[in-house]
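What follows is a set of notes on a single structure, which appears directly below.
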Amino acid sequence: MTTNKLCKVGVVILLIIVLLVSMVGLFRINEESALGRLYIWRISLGMVLDYPVFGVGYGNYAYQYLNYQAKFFDDPENMIYRDKAAGLRDAHSEFVHVLSETGIVGLLIFISVFALFFGYARTLMEDGLADEKRLCLQKCIIASVLVIGIHALVDNVLHVLPVALLFYCGAAVISAEMRGRDKPLVNFSLKGNLLLPVAVIALLTLNGYFVVNRLAGYVFWKKGQDSVHQGKWEQGINYYQRALDYIPENAELQFHLGAAYSYTGAAEQAIGLLTSSLKSFNDKNIYLTLGHAYRISGEYQKAEDNFRTVTRMYPQMLLPHLWLAELYYEMGDRDQSIQELRLIINAKPKILSDDVILIKHDAERFLRIILKAE
């Protein structure tokens, strides 16, 4: 083996050692954060095992995460992690995120992007054809993408717009450097090719129409939220309805409108909207609101199922247990109601927030009422 090859192997080994040492060091500096990531990746592993080849679908990680978190806590041994339960939109690792959403196929494509980039980078460095300024630019881009790639192991850095722009622009520059001496594949001259400019103008016009149309929907949505926060429920519902005319496919907006109907007693409209929103939007508040809507409509079993879903997703949450206690008391199941109230009173959450203290006080007051009625 030549001296040059030995040096390259030595550099690679050194980089691996530095990376491993850095990861151990970071773990010790902030163990809580590191353990939190390991917890998230364990839940993500459930998605990978169920859908190993093509994943749960692009953009579906946030939707599926709560479902797999509930399955995770169905195992009593995992209850030691209950304080880490949360609704997440990403896996805190680009590689785990891609593997979960697009499976092994997507991960191989994602890794190939990095492999192709560093293959191009190596060729450029070995050619030595660039002048000093150009070479400096190339080295800066390569270093930036290397840092982004390493950081992507433990965070979703490409979900941050400035970082994503740096990564994709850097990849484009290095690719262009490799193709710089080639003949352009497309003639961008207006005289030589009218089809491309016409297509671009048409696309921009159509996109502009949709952007303006959606913007109007978001404006009414915001007005609806402001009205609801002020207690003007009817006005808020009207604004939400107008917003839904512009963005009917928005599941989160359907949830807000359904919640407004639920808290004004319009259970039938609420259930329809909330059930529809669950097709593409997953959040604990949907189940809580659905439980409330089913309760006021007298469908106690469905109300219980929805409240129980939240306790499976978030074992540390006390509010659904309080609402279950009220539901059981309404159903005439006094013993089950008392059991839920005692669970709340005896709970020792990691963070004793004002909301937790209030729920505990409500549980104690409700328990006294039940016992006094004996």
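Under our numbering, the final residue of the sequence shown carries the number 387; numbering is consecutive throughout.
Backbone N, C-alpha and C define an ideal beta-carbon position, used for all residues, glycine too.
(request) Please determine, among 359, 307, 229, 120, the residue with the shortest C-alpha to C-alpha distance to residue 340. (result) 307
(request) For residue 310, name the three-state secondary structure that DSSP assigns. (result) coil
(request) Throw me the rounded Cβ distance for the residue 46 and residue 133 pair, which I believe falls under 8 Å. (result) Going by Cβ atoms, the distance from residue 46 to residue 133 rounds to 34 Å, so no, they are not a contact pair.
(message) With H, G and I counted as helix, E and B as strand and the rest as coil, what does DSSP make of residue 344?
(response) helix
(request) With DSSP as the reference, label residue 216 as helix, strand or coil. (result) helix
(message) Spatial neighbours of residue 322 within its chain, please: C-beta separation below 6 Å, excluding the five flanking residues on both sides.
(response) 300
(request) Note down the Cα distance separating residue 288 from residue 149, rounded to an integer number of angstroms. (result) 56 Å
(request) Check the C-beta distance from residue 326 over to residue 82 and give it rounded, since I have them as a contact under 8 Å. (result) 6 Å
(message) Does the stretch 240 to 250 come into contact with the stretch 266 to 277, if we say contact requires no fewer than three beta-carbon pairs (one atom in each stretch) closer than 8 Å?
(response) yes
(message) Need the endpoints of the alpha helix (DSSP H) that residue 163 sits in, please.
(response) 145 to 164
(request) Could you pull the start and end residues of the alpha helix (DSSP H) that residue 168 belongs to? (result) Looking at the DSSP string, residue 168 is not in any alpha helix (DSSP H), and its letter there is neither H nor E.
(request) Please find out if some non-hydrogen atom of the ligand COA comes closer than 7 Å to the beta-carbon of residue 176. (result) Ligands in the displayed structure: none, and consequently the ligand COA is not present.
(request) Would you mind sorting residue 350 into buried or exposed? The rule is 16 or more other CB atoms within 10 Å of its CB. (result) buried
(message) Considering only the alpha carbon of each residue, which of 153, 236, 243 lies closest to residue 266?
(response) 236
(request) Can you give me the Cβ contacts of residue 271 inside the same chain, cut-off strictly under 6 Å, excluding the 5 residues immediately before and after it? (result) 283, 286, 287
(request) Give the secondary structure of residue 388 by DSSP, where H, G and I count as helix, E and B as strand, and everything else as coil. (result) Look at the range of the chain in this structure, 14 to 387, and you will see that residue 388 is not part of it.
(message) So, with DSSP's three-state summary, where would you put residue 53?
(response) helix
(request) Taking 8 Å as the threshold, find out whether the stretch 110 to 123 comes into contact with the stretch 88 to 102 through three or more Cβ pairs. (result) no
(request) Report the rounded CA-to-CA distance for residue 53 versus residue 89, giving the unit in angstroms. (result) 17 Å
(message) On the CB-based measure, 16 or more other CB atoms within 10 Å of its CB, does residue 103 come out buried or exposed?
(response) buried
(request) Give the C-beta separation of residue 190 and residue 254 to the nearest angstrom, bearing in mind that I take them to be a contact with Cβ-Cβ under 8 Å. (result) 54 Å between Cβ atoms; not a contact.
(message) In the DSSP assignment, the alpha helix (DSSP H) including residue 385 goes from what residue to what residue?
(response) 367 to 385
(message) Among 360, 355, 363, 367, whose alpha-carbon lies nearest the alpha-carbon of residue 381?
(response) 355
(message) Quick check: the Cα distance between residue 124 and residue 137, rounded to an integer number of angstroms?
(response) 20 Å
(request) Using beta-carbon positions only, say whether residue 158 and residue 183 come within less than 8 Å of one another. (result) yes
(request) Could you say if the stretch 65 to 77 and the stretch 96 to 115 meet the contact criterion of at least three C-beta pairs nearer than 8 Å? (result) yes
(message) Comparing C-alpha positions only, which one of 305, 68, 311 sits nearest to residue 334?
(response) 305
(message) So, at 7 Å on beta carbons, what are the nonlocal neighbours of residue 71 in its own chain, with the 5 sequence-adjacent residues on each side left out?
(response) 114, 115
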